[in-house]
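**Student:** Protein chains in written order, with UniProt numbering: chain A, 1 to 750; chain B, 1 to 750.
Idealized CB from N, CA, C, for every residue including glycine.
Since the structure is predicted, the reported quantities are computational estimates derived from the model, not experimental observations.
Take this structure, written in structure tokens, and hold onto it; I'll ask about it next.
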């Protein structure tokens with residue numbers, strides 16, 4: 001009965017007169033979709049519980065109204081947080097009005113918009129001068145664009161409920177000026193290829209669609225005429241990219257996504273950018289279906305959602321590549337929109353429903369209802385994360401992120417980074433890797449030095465230490481040459497050329513291999529890292545075999561950091577602890593490391609055993625007695641306590657020329673309970689690693705465990721073809737195999 | 001039908017001939033109880049699922065048998081862990097045999113016991129010489145006693161199933177020698193008042209009960225004749241206590257527990273000791289009901305269980321007072337026994353059932369079945385932890401642990417320690433406090449420097465740094481005088497005299513007060529700490545007002561450490577970071593602290609704001625410009641990486657004589673989500689604290705918040721009676737009140 005009444009009421013609304021050509025709403029839901037949504041209410045779906053949650057958030061402001069203060073503060077401060085709250089609440093109020101037809105929501109939007117209409121024409125740019133593109137409501141245009149992306153949806157939902165006079169006034173005094181401000185008045189922001197500018201393109205386009213202002217929509221899609229100047233932003237990133245010939249929303253899609261849906265700034269920013277990409281795409285699909293935006297570029301927007309999901313750990317948190325605040329996950333509001341749309345506009349993939357169930361709410365739009373109904377119908381199947389290479393670059397030929405996973409979900413995520421630099425948010429971290437075991441970080445990527453929106457930390461923006469520490473090479477688990485960062489820390493040089501993907505082979509889940517090369521980040525130095533994730537019944541958990549080869553004609557000092565988590569338990573070398581601690585250097589991030597202890601490495605293998613949460617880890621590395629092992633922790637030259645004081649150890653090989661190989665195995669093993677106080681398998685199993693050969697042609701290593709079982713791994717460093725045939729004589733045995741690598745177990749001689 | 005058969009079968013068994021006077025089993029279950037247990041099986045209770053779990057653990061060894069290796073290793077090593085596994089499995093096998101009547105379990109026990117019978121007579125004391133009381137199966141007698149406490153239960157369960165010849169052989173060749181070894185052959189271990197010796201007493205008593213050997217039972221209950229020598233153990237603790245006139249199990253109860261059930265070594269060791277206390281008590285109650293052991297000393301054993309439960313945080317983890325490994329909780333096997341027995345032999349308190357449900361299993365004994373049946377009948381009610389003072393000392397007049405709690409479970413646990421020293425496991429931590437907010441530590445007690453049973457950390461025993469760091473005063477949140485530990489770090493002096501409880505008043509849940517004094521730990525220095533947990537609608541969460549008063553005729557340097565968790569966010573003082581880090585001192589724990597930064601305190605109040613997990617914390621302290629603030633982290637002089645590198649800050653007041661007051665407020669406030677990236681209430685609310693008066697008679701402080709609300713707290717330092725009447729003139733106002741303290745809000749002057 002209830003549904004019937006809804007249909008009847010909405011049928012009447014459908015027949016109200018139209019303005020211009022358009023039926024409202026038109027952005028995130030259409031009139032027809034609203035009718036369908038109303039008819040499906042009350043079945044106890046996730047959509048119903050989502051409405052209840054959203055009502056609870058919005059209803060508290062229905063009587064009090066929303067404050068619209070004169071802009072003053074940075075992120076974390078009152079005026080910033082209030083304007084942010086306003087746009088989030090108004091967008092929700094708009095959908096509630098459409099779905100419930102309760103006028104109180106429309107009134108809340110109208111009254112708030114007229115407060116903005118009063119204030120906005122009087123505003124100059126924000127008093128803070130921190131941004132190269134200062135906003136009016138916020139300290140940077142980015143946040144003004146956020147505001148307009150959300151508020152245009154609210155406006156759309158009440159557009160035909162407002163009087164013509166009200167619409168005209170709001171269009172003329174608030175929305176057209178705001179759209180102009182974000183575009184023609186701030187062209188170097190609007191025309192940039194960058195996640196911030198994607199928000200601006202979407203904002204201008206969406207308000208254009210609401211106002212039926214085709215000029216704004218075209219600017220949004222195709223940008224403004226290109227400037228000739230070479231401009232920089234306040235982080236030192238280039239405003240105009242080399243060879244950039246177009247701008248606007250379509251150019252953002254072309255440029256930012258690789259054919260695999262990887263976004264060059266990394267998953268943290270991809271998550272952020274996916275909202276304007278997808279919400280404007282949805283609006284375009286509703287208003288301009290002829291654009292076929294979801295099919296654009298081989299459906300790259302939908303691929304982008306899958307790329308994001310595959311870049312998460314067992315907790316759903318994005319790998320903290322490049323500038324990224326740790327902890328951001330697929331539970332974010334952006335991913336709630338993304339999953340429903342990927343379900344609806346993709347292949348109706350039922351495995352996405354399992355993640356939507358985890359999110360415990362759906363967006364209040366048509367695709368949210370479709371996902372909720374499918375869940376109710378029991379269509380959900382588990383989402384299985386895969387070992388996957390996500391190529392970078394618009395053509396997919398500029399490096400990649402290689403992700404190796406053990407087949408038991410969440411058991412091991414190994415992430416090797418050999419992607420493009422990632423522009424202003426990139427880190428100098430080529431060939432670094434990080435690793436998760438279940439929900440825990442084993443080797444960490446530091447992420448960004450920033451507390452987003454926490455005011456006491458420099459207004460929530462990037463801290464000075466983000467540049468001096470977090471971006472530097474030594475802050476990552478990759479070889480540092482001569483205590484300098486890759487490309488001497490120059491973004492422009494790093495942006496110009498990517499590493500080379502050499503092998504990514506995950507066909508055999510028990511022997512997954514990724515290998516990449518870089519010859520640019522250090523002049524005259526060739527780097528190749530090969531990582532193998534090996535499952536073998538001789539070992540409790542998958543092993544990581546890591547072969548980091550360095551080749552140079554000149555002598556160089558090499559340092560390989562390991563940012564482990566937890567407590568160092570035991571090593572086979574004698575450490576000498578410093579009696580006073582000094583910084584490890586003066587620049588390139590070394591100034592932020594306190595050197596704690598140092599020891600001569602063992603001749604043969606150096607072993608370091610540590611413990612974190614409930615698990616033990618052991619790293620076994622080939623070393624000679626001329627190598628050093630250093631332990632350190634972060635925190636030197638940090639007067640404002642901006643850095644986490646996390647520990648690290650380093651393998652150091654000084655004065656190396658020719659071919660040098662860091663060969664290591666990382667074992668995950670054992671368990672310890674603080675309740676039962678039982679420890680099992682607290683020691684690693686690997687006893688030896690031997691470098692048999694390391695030429696430009698082949699790298700060959702043997703490794704042995706406590707049961708005297710021995711394995712040999714061989715990789716061809718020149719022939720990557722699966723069809724290649726190889727023959728090598730090792731220790732008087734002739735080995736033959738096909739393809740670029742092989743692993744075999746040696747029979748024990750009796 | 002099934003139950004009927006069980007009864008029939010067991011009725012037959014009851015009629016088998018008896019040996020001596022006794023019916024078997026007799027220790028943890030009796031023949032009659034077993035009949036009742038069998039008849040209650042199969043109702044889907046927690047007891048049924050517990051049997052399934054225990055079967056799964058034991059069945060894997062039924063065919064393989066249990067290895068009985070020649071003792072060699074320390075904790076964490078193979079032989080140690082195997083013998084430990086053996087006793088745990090055998091005890092379970094015994095109960096399974098009784099309950100299921102499946103002979104395979106009896107056979108497993110018999111075969112294993114005969115392996116021990118073969119080996120034991122040939123054993124010398126363990127090759128490791130680390131312990132003052134070396135065992136035979138293990139490196140210390142303690143573990144041999146553990147073995148016998150568990151295995152005597154297994155033996156009891158098959159005693160009348162064995163042939164007389166088998167019994168005689170095992171008694172003569174294994175169990176009597178073992179009981180003699182633990183008692184007459186190791187008298188300074190057996191006669192000690194200590195948790196280790198409680199295990200020995202119980203072991204000898206329990207095997208005595210099984211073998212109907214009254215001599216052993218009497219030794220267990222009353223000890224051996226006392227030695228005249230003053231002996232020490234290998235940790236430097238006294239073997240014989242001052243004035244100790246008796247030994248044995250009853251003396252352990254008399255001496256170790258206060259009338260409130262607090263155990264002087266602290267909750268970590270109480271948890272460990274509760275197993276032999278309770279299992280031997282149960283055996284005595286079954287075999288010698290005339291002892292009325294559960295009523296002994298005003299039912300102190302049952303009170304001990306409640307004392308333990310009240311010393312846990314929201315995760316059920318024991319407060320890590322004295323030597324304690326963090327993470328030990330009421331999910332331990334000892335507490336599983338304890339809760340069932342406290343239910344059965346206490347008041348059948350239905351709130352205990354809620355914790356038993358959390359434990360997800362019950363012990364396979366009669367009380368376990370009774371608890372499981374009560375849960376099935378729906379009798380469970382929540383267990384509510386209380387604000388409670390747990391007095392220390394056999395008479396309850398030697399200090400206490402004061403626990404203040406906010407009434408919302410888990411919201412705040414504030415633990416102030418003014419108990420006895422706690423013998424060899426005590427820390428020099430008088431008047432220190434620690435705090436939990438929900439499941440997170442806000443101010444930590446370091447606990448012990450030890451990884452129990454992790455072999456690579458010195459065999460799992462206490463590390464050198466336990467003495468040089470963890471026990472020292474500076475490792476705790478209490479005032480350190482002249483950079484020396486209390487009592488100059490001498491256990492004997494500290495053991496001799498306890499602090500004085502002054503006030504513990506929790507009648508008003510919004511204003512809870514604990515205050516204690518010490519005049520002994522520093523010669524010529526009077527210490528009094530008063531802590532107030534204040535709930536007021538002006539503050540988001542309960543405030544902690546901390547008044548630490550120091551009085552001395554001579555000049556002293558005072559230092560108050562705060563071992564916070566998380567990231568320092570902001571302060572109102574200028575810190576100068578050291579360019580090289582040095583240890584803060586050379587002894588008394590200071591040699592383990594790296595000094596990081598120092599700043600002149602503010603004139604008025606110094607504020608430090610930090611963030612951990614999702615919550616902000618702000619400490620506001622009265623300071624003058626002559627005070628210093630120091631930040632540091634643990635880890636100096638730690639060549640084996642035995643310490644956690646946790647952070648701290650310190651308030652330093654140098655060259656003070658007469659009366660000095662550290663007046664501070666700790667606020668818990670705000671929230672931050674790394675997913676929504678919203679921060680709320682990130683700053684504290686307190687703006688000022690003023691010391692109005694601090695005489696031997698009264699301490700008076702005002703404090704103010706951002707809304708200019710002002711409060712005054714007054715405590716009488718001499719009159720603690722609730723009946724006392726007070727009159728004071730403060731800032732020209734006359735204040736009158738009754739009782740030792742008062743808090744009032746000042747009206748603002750218009």
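Reducing DSSP to helix, strand and coil, say where residue 6/A ends up.
**Tutor:** Reading the first chain from its first residue, position 6 is the one you call residue 6/A. Only weak support exists for where residue 6/A lies, its pLDDT of 38 falling under 50; the value from the coordinates is given anyway. Residue state, collapsed to three classes: helix.
**Student:** Compare the C-beta of residue 184/A against all C-beta atoms of chain B and say whether one is closer than 8 Å.
**Tutor:** Taking the first chain and counting its residues from 1, one reaches residue 184/A at position 184. Cβ-Cβ to chain B under 8 Å: no for residue 184/A.
**Student:** From the DSSP output, read off the bridge partner residues of residue 193/B.
**Tutor:** To locate residue 193/B, count along the second chain from 1; it is residue 193. Answer by DSSP bridge pairing: none, since residue 193/B is not bridged.
**Student:** Using a Cβ-Cβ cut-off of less than 8 Å, list which residues of the stretch 268-294 of chain A approach chain B; keep chain order.
**Tutor:** Listed by position along the chain: nothing, the set is empty.
**Student:** So within the stretch 85-138 of chain B, which uninterrupted alpha helix (DSSP H) runs reach at least 4 residues, ignoring any that extend past its ends?
**Tutor:** 103-119
**Student:** Any beta carbon of chain A sitting closer than 8 Å to that of residue 682/B?
**Tutor:** Taking the first residue of the second chain as position 1, residue 682/B is located at position 682. So, interface residue.
**Student:** Is residue 617/B near residue 630/B, with beta carbons less than 8 Å apart?
**Tutor:** Here residue 617/B refers to the residue found at position 617 when the second chain is read from its first residue. Here residue 630/B refers to the residue found at position 630 when the second chain is read from its first residue. No.
**Student:** Can you name the residues of chain B whose CB is closer than 7 Å to the CB of residue 580/A?
**Tutor:** As a first step, residue 580/A must be located in the first chain, where it is residue number 580. Those are 580, 581 and 582, listed as they occur along chain B.
**Student:** Using a Cβ cut-off of 9 Å, pull out every chain A residue sitting near residue 327/B, in sequence order please.
**Tutor:** As a first step, residue 327/B must be located in the second chain, where it is residue number 327. Simply 673, 674 and 675.
**Student:** What does residue 457/A touch in chain B if you count any residue whose Cβ is under 7 Å from its own?
**Tutor:** To locate residue 457/A, count along the first chain from 1; it is residue 457. Neighbours of residue 457/A on chain B, chain order: 569.
**Student:** If we define contact as Cβ-Cβ less than 8 Å, is residue 678/B a contact residue for chain A?
**Tutor:** Taking the second chain and counting its residues from 1, the one referred to as residue 678/B is at position 678. Answer yes: the Cβ-Cβ gap between residue 678/B and chain A drops below 8 Å somewhere.
**Student:** Does residue 764/B come out as helix, strand or coil in the three-state DSSP assignment?
**Tutor:** Not covered by the structure: residue 764/B. The range shown for chain B is 1 to 750.
**Student:** I'd like to confirm the pairing. Which residues does DSSP put opposite residue 726/A in its beta bridges?
**Tutor:** To locate residue 726/A, count along the first chain from 1; it is residue 726. In the DSSP output, where bridge partners are listed per residue, residue 726/A has 737/A.
**Student:** According to DSSP, is residue 17/A helix, strand or coil?
**Tutor:** Here residue 17/A refers to the residue found at position 17 when the first chain is read from its first residue. Low per-residue confidence applies at residue 17/A: pLDDT is 38, beneath 50, and the placement is therefore not dependable enough to give any value.
**Student:** What are the residues in the stretch 593-618 of chain A lying within 8 Å of chain B by C-beta distance?
**Tutor:** 594, 596, 597, 609 and 611
**Student:** I'd like the list of long-range same chain contacts for residue 554/A, defined as Cβ closer than 7 Å, with 5 residues on each side in sequence excluded.
**Tutor:** Residue 554/A sits at position 554 when you count from the first residue of the first chain. Once the five neighbours on either side are set aside, the close Cβ partners of residue 554/A are 524 and 657.
**Student:** Residues in the same chain with beta-carbon distance under 7 Å from residue 756/A, minus the five sequence neighbours each way, listed in chain order, please.
**Tutor:** Outside the shown range of chain A (1 to 750) lies residue 756/A, about which nothing can therefore be said.
**Student:** Mind pulling the alpha helix (DSSP H) runs of 4 or more residues that sit fully within the stretch 410-443 of chain B?
**Tutor:** none
**Student:** List the residues that DSSP assigns as beta-bridge partners of residue 401/A.
**Tutor:** For the purposes of this step, residue 401/A is taken as residue 401 along the first chain, with counting starting at 1. The partner list for residue 401/A (beta bridge, DSSP) reads 390/A and 417/A.
**Student:** Less than 6 Å between C-beta atoms, sequence neighbours within five positions excluded: which residues of the same chain meet that for residue 86/B?
**Tutor:** Within the second chain, residue 86/B is the residue found at index 86, counting from 1. In the same chain as residue 86/B, and ignoring 5 residues on each side of it, the C-beta atoms closer than 6 Å to its own belong to 66, in chain order.
**Student:** Can you tell me which of the three DSSP states residue 51/B falls into?
**Tutor:** Start at 1 with the first residue of the second chain, and residue 51/B comes out as number 51. Helix, per DSSP.
**Student:** What is the rounded straight-line gap between the Cα of residue 450/A and the Cα of residue 614/B?
**Tutor:** Against the first chain, residue 450/A aligns to sequence position 450. Against the second chain, residue 614/B aligns to sequence position 614. Taking the straight line joining both Cα atoms gives about 15 Å.
**Student:** Taking the C-alpha atoms as reference points, what is the distance between residue 104/B and residue 44/B?
**Tutor:** What you label residue 104/B is simply residue 104 of the second chain in a count that begins at 1. What you label residue 44/B is simply residue 44 of the second chain in a count that begins at 1. Taking the straight line from one Cα to the other gives about 24 Å.
**Student:** Residues of chain B with a CB under 9 Å from the CB of residue 80/A: which are they?
**Tutor:** Here residue 80/A corresponds to residue number 80 of the first chain, with the count starting at 1. Scanning chain B for C-beta atoms nearer than 9 Å to the C-beta of residue 80/A yields nothing, as the closest lies near 11 Å away.
**Student:** Skipping 5 residues on each side, what residues in its chain have a beta carbon closer than 7 Å to that of residue 278/B?
**Tutor:** Taking the first residue of the second chain as position 1, residue 278/B is located at position 278. Around residue 278/B: 301, 337, 338 and 341.
**Student:** Counting contacts by CB-CB distance shorter than 8 Å, is residue 453/A in contact with chain B?
**Tutor:** The residue given as residue 453/A occupies position 453 in the first chain. Yes, its Cβ sits closer than 8 Å to a Cβ of chain B.
**Student:** Here's a check: name, in chain order, each residue in its chain whose Cβ is nearer than 7 Å to the Cβ of residue 285/B, leaving out the five neighbours to either side.
**Tutor:** Sequence index remark: in the second chain, residue 285/B carries index 285 (1-based). 293 and 294.
**Student:** Would you say residue 753/A and residue 701/A are within 8 Å of each other, going by their C-beta atoms?
**Tutor:** Not covered by the structure: residue 753/A. The range shown for chain A is 1 to 750.
**Student:** Keeping to the same chain, check which residues put their C-beta closer than 7 Å to that of residue 281/B; ignore five residues upstream and five downstream.
**Tutor:** Within the second chain, the letter at position 281 stands for residue 281/B. Once the five neighbours on either side are set aside, the close Cβ partners of residue 281/B are 293, 294 and 301.
**Student:** To the nearest angstrom, how far is the alpha carbon of residue 315/B from that of residue 411/B?
**Tutor:** The residue you call residue 315/B lines up with position 315 of the second chain. The residue you call residue 411/B lines up with position 411 of the second chain. Computed Cα separation, rounded: 12 Å.
**Student:** Checking the sheet assignment: what are the DSSP bridge partners for residue 501/A?
**Tutor:** The sequence position of residue 501/A within the first chain is 501, counting from 1. The partner list for residue 501/A (beta bridge, DSSP) reads 516/A.
**Student:** If you measure from the CB of residue 346/B, is any heavy atom of the ligand HEM nearer than 7 Å?
**Tutor:** Among the components of this structure there are no ligands whatsoever, and the ligand HEM is therefore not found.
**Student:** Cβ closer than 7 Å: which chain B residues qualify as neighbours of residue 644/A?
**Tutor:** Numbered from its first residue, the first chain carries residue 644/A at position 644. Result: 567.
**Student:** Whole angstroms are fine: how far does the CA of residue 545/B sit from the CA of residue 685/B?
**Tutor:** Taking the second chain and counting its residues from 1, one reaches residue 685/B at position 685. Taking the second chain and counting its residues from 1, one reaches residue 545/B at position 545. When rounded, the distance between both Cα atoms is 14 Å.
**Student:** To test your reading of the DSSP string, which unbroken alpha helix (DSSP H) runs of 4 or more residues are found completely within the stretch 234-286 of chain A?
**Tutor:** 249-256
**Student:** Going by DSSP in three states, residue 150/A sits in which element: helix, strand or coil?
**Tutor:** Walking along the first chain from the start, residue 150/A turns up at place 150. Three-state result, residue 150/A: helix.
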